[in-house]
Amino acid sequence: MNFRGEKKGRGLILNITSLIDVMFLLLIFFMVTSSFKNQPAVNLVLPRSATATETVTTPTILYLTSEGRTFLNDAEFPRDGLLRALEQLHTSTGEDRMVLRADEHASHGDVVELIDMLKQSGFTRVSLSARMPGGR
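In our numbering, each residue's number is its place in the sequence shown (first place is 1) plus 2.
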(Lines of atoms letter the chains of each structure in order from A; the text may use other names.)
(Lines give C-alpha, C1' and ligand atoms only; values in the text may rest on other atoms or scores of the structure.)
Protein backbone atom coordinates (compact mmCIF):
# COMPACT_ATOMS: atom_id res chain seq x y z
CA MET A 3 0.00 0.00 0.00
CA ASN A 4 1.46 3.31 -1.06
CA PHE A 5 0.12 6.34 0.85
CA ARG A 6 2.42 8.91 -0.68
CA GLY A 7 1.07 8.72 -4.13
CA GLU A 8 2.92 9.62 -7.25
CA LYS A 9 4.62 12.97 -7.67
CA LYS A 10 3.09 15.00 -10.39
CA GLY A 11 5.29 17.42 -12.34
CA ARG A 12 8.82 18.55 -11.62
CA GLY A 13 8.00 20.94 -8.83
CA LEU A 14 8.70 24.65 -8.63
CA ILE A 15 11.76 25.95 -10.50
CA LEU A 16 12.86 29.48 -9.76
CA ASN A 17 14.85 31.15 -12.52
CA ILE A 18 17.20 33.73 -10.96
CA THR A 19 19.19 34.63 -14.08
CA SER A 20 17.48 38.00 -14.44
CA LEU A 21 18.06 38.73 -10.74
CA ILE A 22 21.79 38.10 -11.16
CA ASP A 23 21.84 40.40 -14.21
CA VAL A 24 20.18 43.20 -12.24
CA MET A 25 22.62 42.77 -9.34
CA PHE A 26 25.62 43.02 -11.67
CA LEU A 27 24.15 46.13 -13.31
CA LEU A 28 23.69 47.74 -9.88
CA LEU A 29 27.24 46.82 -8.91
CA ILE A 30 28.64 48.36 -12.10
CA PHE A 31 26.48 51.47 -11.64
CA PHE A 32 27.73 52.08 -8.10
CA MET A 33 31.34 51.44 -9.08
CA VAL A 34 31.15 53.93 -11.96
CA THR A 35 29.30 56.67 -10.09
CA SER A 36 31.29 56.53 -6.85
CA SER A 37 34.11 59.00 -6.41
CA PHE A 38 37.52 57.88 -5.29
CA LYS A 39 39.72 60.22 -3.31
CA ASN A 40 43.40 60.11 -4.16
CA GLN A 41 45.42 59.51 -1.01
CA PRO A 42 49.07 60.52 -0.86
CA ALA A 43 51.72 57.82 -0.79
CA VAL A 44 53.19 59.10 2.48
CA ASN A 45 51.28 57.83 5.51
CA LEU A 46 50.77 60.74 7.94
CA VAL A 47 48.47 61.43 10.86
CA LEU A 48 47.62 65.13 10.59
CA PRO A 49 46.71 67.14 13.68
CA ARG A 50 43.10 68.33 14.02
CA SER A 51 42.09 71.96 13.61
CA ALA A 52 38.73 73.59 14.27
CA THR A 53 39.26 76.13 11.47
CA ALA A 54 40.64 73.82 8.75
CA THR A 55 39.04 74.07 5.31
CA GLU A 56 39.35 71.92 2.22
CA THR A 57 41.35 73.44 -0.65
CA VAL A 58 40.22 73.36 -4.26
CA THR A 59 43.55 73.71 -6.09
CA THR A 60 46.46 71.30 -5.79
CA PRO A 61 49.66 73.15 -4.90
CA THR A 62 53.01 71.49 -4.36
CA ILE A 63 53.13 69.50 -1.11
CA LEU A 64 56.10 68.95 1.19
CA TYR A 65 55.64 66.04 3.61
CA LEU A 66 57.37 65.58 6.98
CA THR A 67 56.99 62.19 8.66
CA SER A 68 57.16 61.52 12.39
CA GLU A 69 60.65 60.04 11.84
CA GLY A 70 61.86 63.31 10.27
CA ARG A 71 61.95 62.09 6.65
CA THR A 72 60.97 64.64 4.00
CA PHE A 73 59.07 63.99 0.77
CA LEU A 74 58.49 66.52 -2.00
CA ASN A 75 55.51 65.44 -4.14
CA ASP A 76 55.89 61.77 -3.06
CA ALA A 77 59.65 61.67 -3.78
CA GLU A 78 61.95 61.39 -0.76
CA PHE A 79 64.69 63.99 -0.40
CA PRO A 80 67.47 64.05 2.18
CA ARG A 81 67.65 67.21 4.28
CA ASP A 82 70.96 68.36 2.79
CA GLY A 83 69.64 68.23 -0.80
CA LEU A 84 66.18 69.57 -0.07
CA LEU A 85 67.04 73.28 -0.24
CA ARG A 86 68.59 72.86 -3.69
CA ALA A 87 65.56 70.88 -4.90
CA LEU A 88 63.17 73.52 -3.54
CA GLU A 89 65.10 76.31 -5.27
CA GLN A 90 65.01 74.41 -8.58
CA LEU A 91 61.29 73.77 -8.18
CA HIS A 92 60.62 77.43 -7.43
CA THR A 93 62.58 78.66 -10.46
CA SER A 94 61.02 76.10 -12.81
CA THR A 95 57.38 76.58 -11.76
CA GLY A 96 57.37 80.18 -10.57
CA GLU A 97 54.93 79.20 -7.81
CA ASP A 98 55.25 80.89 -4.45
CA ARG A 99 52.75 78.58 -2.69
CA MET A 100 53.69 75.41 -0.82
CA VAL A 101 51.70 73.19 1.55
CA LEU A 102 53.61 71.61 4.43
CA ARG A 103 51.98 68.41 5.68
CA ALA A 104 53.71 67.43 8.89
CA ASP A 105 52.79 64.41 10.99
CA GLU A 106 51.32 65.37 14.35
CA HIS A 107 54.23 63.57 16.04
CA ALA A 108 56.89 65.37 13.98
CA SER A 109 59.37 67.54 15.85
CA HIS A 110 58.51 71.23 16.11
CA GLY A 111 62.12 72.06 15.30
CA ASP A 112 61.90 70.07 12.05
CA VAL A 113 58.76 71.97 11.04
CA VAL A 114 60.43 75.33 11.72
CA GLU A 115 63.54 74.23 9.81
CA LEU A 116 61.43 73.25 6.79
CA ILE A 117 59.52 76.54 6.86
CA ASP A 118 62.87 78.38 6.88
CA MET A 119 64.06 76.30 3.91
CA LEU A 120 60.87 77.06 2.02
CA LYS A 121 61.20 80.79 2.60
CA GLN A 122 64.90 80.75 1.63
CA SER A 123 64.07 79.00 -1.62
CA GLY A 124 61.42 81.57 -2.59
CA PHE A 125 58.16 80.05 -1.38
CA THR A 126 56.58 82.99 0.44
CA ARG A 127 53.09 81.53 0.88
CA VAL A 128 53.54 78.47 3.12
CA SER A 129 50.45 76.71 4.46
CA LEU A 130 50.32 74.05 7.15
CA SER A 131 47.92 71.19 6.49
CA ALA A 132 45.56 69.88 9.18
CA ARG A 133 42.61 67.51 9.39
CA MET A 134 39.14 68.97 9.25
CA PRO A 135 37.02 68.65 12.41
CA GLY A 136 35.57 65.16 12.48
CA GLY A 137 37.81 64.13 9.59
CA ARG A 138 40.24 61.26 9.43
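All C-beta atoms, glycine included, are put in the ideal place defined by N, C-alpha and C.
In this structure, what does DSSP give as the bridge partners for residue i?
{"i": "A104", "result": "L66"}
{"i": "L29", "result": "None, per the DSSP bridge assignment."}
{"i": "R133", "result": "R50"}
{"i": "L74", "result": "L64, A77"}
{"i": "V128", "result": "M100"}
Please state whether DSSP places residue i in a helix, a strand or coil.
{"i": "R89", "result": "In the sequence as presented, Arg is not what sits at residue 89; that position holds Glu. Note: E89 maps to helix in three-state DSSP."}
{"i": "L14", "result": "coil"}
{"i": "S37", "result": "coil"}
What is the rounded straight-line gap between the Cα of residue i and the Cα of residue j?
{"i": "P49", "j": "L64", "result": "16 Å"}
{"i": "H107", "j": "I117", "result": "17 Å"}
{"i": "S20", "j": "V34", "result": "21 Å"}
{"i": "S94", "j": "A77", "result": "17 Å"}
{"i": "H92", "j": "R81", "result": "17 Å"}
{"i": "A132", "j": "A54", "result": "6 Å"}
{"i": "I18", "j": "S37", "result": "31 Å"}
{"i": "L27", "j": "F73", "result": "42 Å"}
{"i": "R84", "j": "F31", "result": "The sequence as given places Leu at residue 84; Arg does not occur at that position. Approximately 45 Å, taken between the alpha carbons."}
Given that a residue counts as buried once 16 or more other Cβ atoms are within 10 Å of its Cβ, and exposed if not, what is residue i?
{"i": "A104", "result": "buried"}
{"i": "M100", "result": "buried"}
{"i": "L102", "result": "buried"}
{"i": "D23", "result": "exposed"}
{"i": "L29", "result": "exposed"}
{"i": "L16", "result": "exposed"}
Could you give the residue range of the alpha helix (DSSP H) that holds residue i?
{"i": "L116", "result": "110 to 122"}
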